[in-house]
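Residue numbers (the UniProt record's numbering), protein chains in the order written: chain A, 1 to 194; chain B, 1 to 194. Inspection log for the structure reproduced underneath, given as structure tokens.
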């Protein structure tokens with residue numbers, strides 16, 4: 001997705017060869033027209049996939065997931081990372097290990113918002129090692145629903161998440177596939193040189 | 001806002017005379033068309049207020065803030081409740097006391113996403129005691145920007161947040177003003193009986 005590539009190059013900050021900071025437009029400040037275009041791309045790729053619901057995780061996934069839900073005309077639910085006072089019964093949980101924080105946390109969704117038989121599109125802002133992605137997939141599977149695919153805004157293709165998801169049989173659609181963050185610059189897989 | 005009142009009555013769960021659970025459509029499962037209508041209401045009320053930016057706080061505020069940002073054509077930024085690995089310099093913080101959790105937390109925004117002179121619309125899913133609202137206002141004021149108003153999805157009018165904000169000179173626009181949660185039912189301020 002060209003505009004997303006451009007935004008990453010112009011507004012993204014490469015903090016190291018592992019870390020790309022995109023808080024200028026994706027996960028702190030959020031560019032609403034970019035989110036709307038991202039949602040169009042996800043709609044275009046998944047409109048024949050029979051999606052009945054979008055699942056994401058707070059907080060970075062909410063903006064793109066919300067817009068995609070509006071485009072596809074389906075409800076969105078976001079898994080919680082912390083226990084809520086009002087989310088106290090009938091829940092489904094999964095453990096997620098964070099390499100960044102080097103700790104395991106529990107993600108939770110109310111079971112009534114993931115029904116058996118649903119076809120769920122999982123949206124997230126980043127895909128790196130795939131820990132959050134597999135955690136979300138486990139929530140869907142515990143609910144007796146089906147993962148129709150993953151819609152990822154930015155994939156760090158040099159980390160193993162995508163490959164692991166593909167090997168597990170999942171469909172993965174990433175709008176920007178970052179091949180490398182070396183020399184302070186993001187380069188992309190499959191970029192067409194014009 | 002009639003559809004919001006109807007959703008609260010049909011899908012909301014009154015857990016006590018203080019707690020209204022709206023995770024069916026607002027802050028866990030999210031109804032995208034409702035968010036889009038909520039954004040229309042906020043746009044309608046604030047379109048002449050010279051808004052240059054929307055500020056909210058993760059996670060419940062993100063969906064309505066995102067949609068309103070798209071309607072108004074301005075960037076949105078969400079304050080973080082936890083320290084981010086990549087949010088590490090040039091930040092503005094405020095302390096927020098949570099009555100629900102009985103603890104104080106720090107909310108943070110990168111100063112480059114709140115510029116001096118901006119007119120900021122603060123959006124949040126709930127207004128109760130006003131602690132989060134005043135915390136967000138302090139972020140704006142520390143940045144040298146101006147709070148143009150508060151856009152609240154659900155106000156618990158029997159708690160003091162609104163009154164305190166009004167007394168401090170702020171404009172408050174709430175789309176549902178819950179007068180009472182007694183007897184297991186939400187009733188609204190200013191409801192027109194048809």
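Cβ coordinates follow ideal geometry from the N, Cα and C atoms, glycine included.
What is the DSSP secondary structure of residue i, counted as helix, strand or coil?
i: residue 149(A); result: strand
i: residue 96(B); result: strand
i: residue 189(B); result: coil
i: residue 8(A); result: helix
i: residue 14(A); result: strand
i: residue 25(A); result: coil
i: residue 79(A); result: strand
i: residue 103(B); result: strand
i: residue 20(B); result: strand
i: residue 125(A); result: strand
i: residue 181(A); result: coil
i: residue 65(B); result: helix
i: residue 74(A); result: coil
i: residue 175(A); result: strand
i: residue 114(A); result: coil
i: residue 51(B); result: coil
i: residue 58(B); result: coil
i: residue 2(A); result: helix
i: residue 141(B); result: helix
i: residue 155(B); result: strand
With C-beta atoms as the reference, is residue i less than 9 Å away from residue j?
i: residue 128(A); j: residue 58(B); result: no
i: residue 25(A); j: residue 151(A); result: no
i: residue 27(A); j: residue 186(A); result: no
i: residue 198(A); j: residue 23(B); result: What the structure shows of chain A is the stretch from 1 to 194, and residue 198(A) is not part of that stretch, so it cannot be assessed.
i: residue 54(B); j: residue 65(B); result: yes
i: residue 154(A); j: residue 137(A); result: no
i: residue 144(B); j: residue 115(B); result: yes
i: residue 139(B); j: residue 69(B); result: no
i: residue 92(B); j: residue 104(B); result: no
i: residue 132(B); j: residue 98(B); result: yes
Starting from residue i, find everything on chain B with Cβ-Cβ shorter than 8 Å and list it in chain order.
i: residue 29(A); result: 75, 76, 77, 110 and 113
i: residue 122(A); result: Chain B residues near residue 122(A): none, gap ~15 Å exceeds 8 Å.
i: residue 51(A); result: Near residue 51(A) there are no residues of chain B at all, since even the closest Cβ is about 13 Å away, more than 8 Å.
Using a cut-off of 7 Å between C-beta atoms, extract the partners of residue i located in chain B.
i: residue 58(A); result: 58 and 59
i: residue 63(A); result: 62 and 66
Mark residue i as exposed unless 16 or more other C-beta atoms lie within 10 angstroms of its C-beta, in which case mark it buried.
i: residue 194(A); result: Note on residue 194(A): pLDDT 43, under 50, position unreliable in the model; no value is reported.
i: residue 29(A); result: buried
i: residue 61(B); result: buried
i: residue 56(B); result: buried
i: residue 75(B); result: buried
i: residue 90(B); result: exposed
i: residue 21(B); result: buried
i: residue 16(B); result: exposed
i: residue 168(A); result: exposed
i: residue 4(A); result: buried
i: residue 73(B); result: exposed
i: residue 117(A); result: exposed
i: residue 63(B); result: buried
Identify the contact partners of residue i in chain A, using a Cβ-Cβ distance below 9 Å as the criterion.
i: residue 70(B); result: 32, 33, 35, 36 and 67
Starting from the beta carbon of residue i, find every residue of chain A whose beta carbon is closer than 8 Å, and list them in chain order.
i: residue 183(B); result: By Cβ distance, chain A contributes nothing, its closest Cβ being about 19 Å from residue 183(B), past 8 Å.
i: residue 154(B); result: Simply none; closest approach about 13 Å.
Compute the Euclidean distance between the alpha carbons of residue i and residue j, then round it to the nearest angstrom.
i: residue 100(A); j: residue 34(A); result: 26 Å
i: residue 178(B); j: residue 123(A); result: 33 Å
i: residue 110(A); j: residue 157(B); result: 28 Å
i: residue 49(B); j: residue 13(B); result: 35 Å
i: residue 1(A); j: residue 96(A); result: 29 Å
i: residue 40(A); j: residue 148(B); result: 31 Å
i: residue 173(B); j: residue 77(B); result: 19 Å
i: residue 135(A); j: residue 102(A); result: 16 Å
i: residue 181(B); j: residue 190(B); result: 15 Å
i: residue 120(A); j: residue 146(A); result: 6 Å
i: residue 183(B); j: residue 18(B); result: 11 Å
i: residue 43(A); j: residue 125(A); result: 16 Å
i: residue 37(A); j: residue 71(B); result: 14 Å
i: residue 11(A); j: residue 188(A); result: 15 Å
i: residue 159(B); j: residue 159(A); result: 48 Å
i: residue 67(A); j: residue 82(B); result: 24 Å
i: residue 164(B); j: residue 106(A); result: 36 Å
At a cut-off of 8 Å, would you count residue i as near the ligand NAP, judging by its Cβ distance to the nearest heavy atom?
i: residue 121(A); result: Of ligands this structure carries none, so the ligand NAP is not represented either.
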